[in-house]
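First up is the structure itself, then whatever we jot down about it.
In this note's numbering, the protein residues as written are 2 to 185.
What follows is the structure, encoded as structure tokens:
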């Protein structure tokens with residue numbers, strides 16, 4: 002099993018102190034973050050695309066997961082989790098419509114006052130596009146990177162408010178809180 006994401010290790014104690022113990026790992030991949038959190042006492046539901054779920058069949062780590070879901074099930078699952086994890090998934094979704102659905106699935110499964118931890122690839126100064134870049138989604142240099150301001154623009158309309166973030170090397174990790182308890 003590979004090492005969990007830096008942001009998961011960094012924020013897991015915070016989430017425990019907030020009693021955010023019911024988790025959805027949205028885009029679970031190899032289950033690395035789901036297994037880590039399960040071993041830390043979290044109850045983890047994991048979701049991914051059907052092709053990835055097929056690869057996970059028979060994986061011993063599945064015994065540590067509460068439930069494995071296909072992403073198309075999330076729209077109607079209403080898990081009411083305390084925490085949604087999204088590590089290096091959102092930045093690889095290139096379609097505006099797919100990004101909108103991804104965000105809607107987060108909101109549909111997160112309880113009011115719950116948290117979203119999103120880790121994405123961030124722009125590097127030497128990779129920044131110039132003023133000639135007119136469309137974020139068509140530019141290979143900037144389309145797979147996001148800043149915290151760009152995440153805010155996408156997530157604030159569904160009631161997610163950033164409460165913390167940090168940058169490191171090539172990554173941005175941001176924590177958002179959902180609903181009436183969210184702060185600016």
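C-beta: ideal position from N, C-alpha, C; glycine also.
Between residue 112 and residue 85, the CB-CB gap reaches or exceeds 8 Å. As computed with DSSP, residue 29 is found in no beta bridge at all. In the DSSP secondary-structure assignment, residue 116 is bridged to 84 and 178.
In the DSSP annotation of this structure, the continuous segment of the alpha helix (DSSP H) that includes residue 78 starts and ends at 75-78. A contact between stretches requires three or more CB pairs, one per stretch, nearer than 8 Å, and the region 98-113 fails this requirement with the region 33-40. For residue 109, the closest alpha carbon among the candidates 118, 54, 161 and 78 is that of 78.
In the displayed model, residue 54 falls within a helix according to three-state DSSP. Only residues of its own chain outside the window of five on either side were considered, and among them 155, 156 and 159 have a CB closer than 7 Å to the CB of residue 104, listed in chain order. Between the C-alpha atoms of residue 74 and residue 161 there is a straight-line separation of about 22 Å. Within the model, the alpha-carbon separation for residue 21 versus residue 12 is close to 11 Å.
Rounded to whole angstroms, the separation of the alpha carbons of residue 72 and residue 172 is 24 Å. Counting the other CB atoms within 10 Å of its CB gives residue 28 a total of 16 or more, which places it among the buried residues. The C-beta of residue 50 has fewer than 16 other C-beta atoms within 10 Å across all chains shown, which makes the residue exposed. CA-CA distance, residue 61 to residue 42, rounds to 18 Å.
Taking the Cα positions, residue 38 is about 21 Å away from residue 164. For residue 167, the enclosing beta strand (DSSP E) starts and ends at 161-169.
Taking residue 174 as reference, the option from 87, 95 and 106 with the minimal CA-CA separation is 87. Rounded to whole angstroms, residue 64 and residue 40 show a C-alpha spacing of 11 Å.
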